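All residue numbers for the sequence shown refer to the working numbering, where the first residue is 1412 and numbers rise by one. Think of the CB as a built atom: it goes at the ideal place given N, C-alpha and C, for glycine as much as any other residue. Please read these numbers as outputs of a predicted model, since none were measured by experiment. A quick write-up on the structure given underneath.
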Amino acid sequence: MTDVCKGTALSKRIVFLADCQSFYASVEKASRPDLDNKPVVVAGDPERRSGIILAACPIAKSYGVTTAESIRESLAKCPQLEIIKPRMQYYIDVSLQITHIYERFSDLVEPYSIDEQFIDVTGSRALYGEPEQIAKAIQEQVWNETRIRTRVGIGENKILAKTACDNYAKKVPSGIFYLHKDKLEDTLWQLPIDKMFMVGSRMTQHFNLLGITTIGELANTPLDKVKEMLGRKFGKNSDINAEVLWRIANGHDDSPVSPYTFNTQQKGIGHMMTLPVDYRNLEDLKVVLLELSELVCQRCRSKGLMGQVVAAGCQGADFDRPTGFYRQMKLAYTTNLTGEVYEAVCRLFEKHWNGMPVRKVGVTLSDLTSDDVYQMSMFPDDRERKMVLERTADEIKTKFGNTALMRASSVTPAGQAQRRSKMIGGHYK
């Protein structure tokens, strides 16, 4: 089968999934010509030779270097590896630049991740031609302006476009592949079940135990039978998941490509932080819990929201022997005040933490409503003054940065606010 399509009917919906190749590493190589022919990775902490590989360029991959492995493992495979510290803000800026390039071809562009975006070009064909022509033009524009290569999966919906990109476009010289819905029997259905979108290693094992080893075997099993099989394994609540997986296997997806996907009403606002070392006593943990409570409430206030359900949890560093908890409690009334959320978080930790070392900790505020109307307390507690004070602090932080105002506890050894202010998404800006 060729890797591009010929003569698609104009009435068909055409969706792209455009993916930037080895994005972080490609951005670094584009900004530094001296790295052009060298094996490059972007990784956690090059100075200490610690952390994991976030991205590897094709040259580094040719030595067997892979993402998510440790720097030490990568150096054992490729001693001449060029290890670069991540610059997250710069990657975000380049990603937005690429979004603007896509928007020249369609007003329906939906970011899926920092390096992947859906583009609905159904209405663009009269101007730009057949799908493969548009995909090639997009590749050329992105390359000319950023020196980053892109692969484009094409389908009649988002699922098929994503599947086409992940399983085919990344493996053909053109970097373009059209996955026809009426030819799934000869393409998608031939793939092993672990190549299907939303099927990880555990679900692959479950499907294999049920006798399903290929995507086609799942697609051609009646939906009621799939629900019954997964129901025996996971219980009655698995019906929705069974139908979602069955629809993916059959290439069904009615969801639109929407630029406004990330503007929908949130059900909860939370923040989880991986700590640089194990925290072993509650007093140190409370410093971080206060910082997280403040961050969550600050985000709620910026969105005009309050919440009534507070959740908190933690994990240890050993994922083979997991420790920790995740619990929630409902407050008497809605809030976005740091002190009130922090008090609830402390109560959850005091009740549920078993004293084992903590490496990851999180706080969430949910059951959100607008802060336009909220319940007043029956007892005088000066909430109005506190709300004004916290909004004023938010304005100062927005203008001068989150470290412009800090609690005294944040400058103790246990505090993480200053370190976190230099990061985006857990990585340095």
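Can you give the Cα-Cα distance for residue 1805 and residue 1709, rounded to whole angstroms?
7 Å
Nearest-angstrom Cβ-Cβ length linking residue 1564 and residue 1575, presumed shorter than 8 Å:
3 Å
Please state whether DSSP places residue 1489 in a helix, a strand or coil.
coil
Can you tell me the Cβ-Cβ gap for residue 1438 and residue 1513, rounded? I've got them flagged as a contact below 8 Å.
So it is not a contact: roughly 17 Å between Cβ atoms.
Pick helix, strand or coil for residue 1431, following the three-state DSSP scheme.
Assigned with DSSP and collapsed to three states, residue 1431 falls in strand.
Determine, using beta-carbon pairs with one atom in the segment 1578-1592 and one in the segment 1436-1455, whether at least three such pairs fall under 8 Å.
no
Neighbour-count burial assignment, residue 1542, 16 or more Cβ in a 10 Å radius
buried
Thinking C-beta only, is residue 1426 closer than 9 Å to residue 1578?
With a cutoff of 9 Å on beta-carbon distance, residue 1578 and residue 1426 are scored as not near each other.
Starting from the Cα of residue 1584, find the closest Cα among 1557, 1550 and 1770 and give me that residue.
1550
Every unbroken beta strand (DSSP E) within the segment 1459-1533, with a cutoff of 3 residues, ordered by chain
1461-1467, 1493-1495, 1520-1522 and 1527-1531
Candidates 1493, 1668, 1684 and 1832, of which the one nearest residue 1727 by Cα:
It is 1684 whose Cα lies nearest to the Cα of residue 1727.
Using a C-beta cutoff of 9 Å, does residue 1491 count as contacting chain D?
Of the chains in the structure shown, none is chain D; there is only one protein chain.
Any chance you could list the beta strand (DSSP E) runs of at least 3 consecutive residues sitting entirely within the segment 1709-1755, in chain order?
For the beta strand (DSSP E) assignment, the uninterrupted runs of no fewer than 3 residues enclosed by the segment 1709-1755 are, from N- to C-terminal side, 1716-1726 and 1735-1746.
If we ignore side chains and look at the alpha-carbon of each, how far apart do residue 1518 and residue 1557 end up?
21 Å
Under a Cβ-count criterion, where at least 16 other Cβ atoms within 10 Å of its own Cβ denotes burial, should residue 1516 be classed as buried or exposed?
The Cβ neighbour count for residue 1516, taken over all protein chains shown within 10 Å, is at least 16; the residue is labelled buried.
Tell me which residues share the same chain as residue 1572 and place their Cβ nearer than 7 Å to its Cβ, disregarding the 5 neighbours each side in the sequence.
1426, 1427, 1428, 1529, 1564, 1565 and 1566
Inter-residue spacing [alpha-carbon to alpha-carbon] between residue 1724 and residue 1533:
45 Å
Taking residue 1588 as part of the beta strand (DSSP E), name the residues at either end of that continuous run.
1587-1589
Close beta carbons around residue 1473, own chain, < 8 Å, minus the five adjacent residues each side
Same-chain partners within the cutoff: 1450.
Outcome for residue 1627 when other beta-carbon atoms lying within 10 angstroms are tallied against a minimum of 16
buried
Rounded to whole angstroms, what is the Cα-Cα separation between residue 1497 and residue 1479?
So the two alpha carbons sit approximately 14 Å from each other.
Measuring only the C-alpha atoms, how far is residue 1820 from residue 1712?
22 Å
Boundaries of the beta strand (DSSP E) in which residue 1561 is found, first to last residue:
1561-1566
Indicate the three-state DSSP secondary structure (helix, strand or coil) for residue 1558 in the structure shown.
coil
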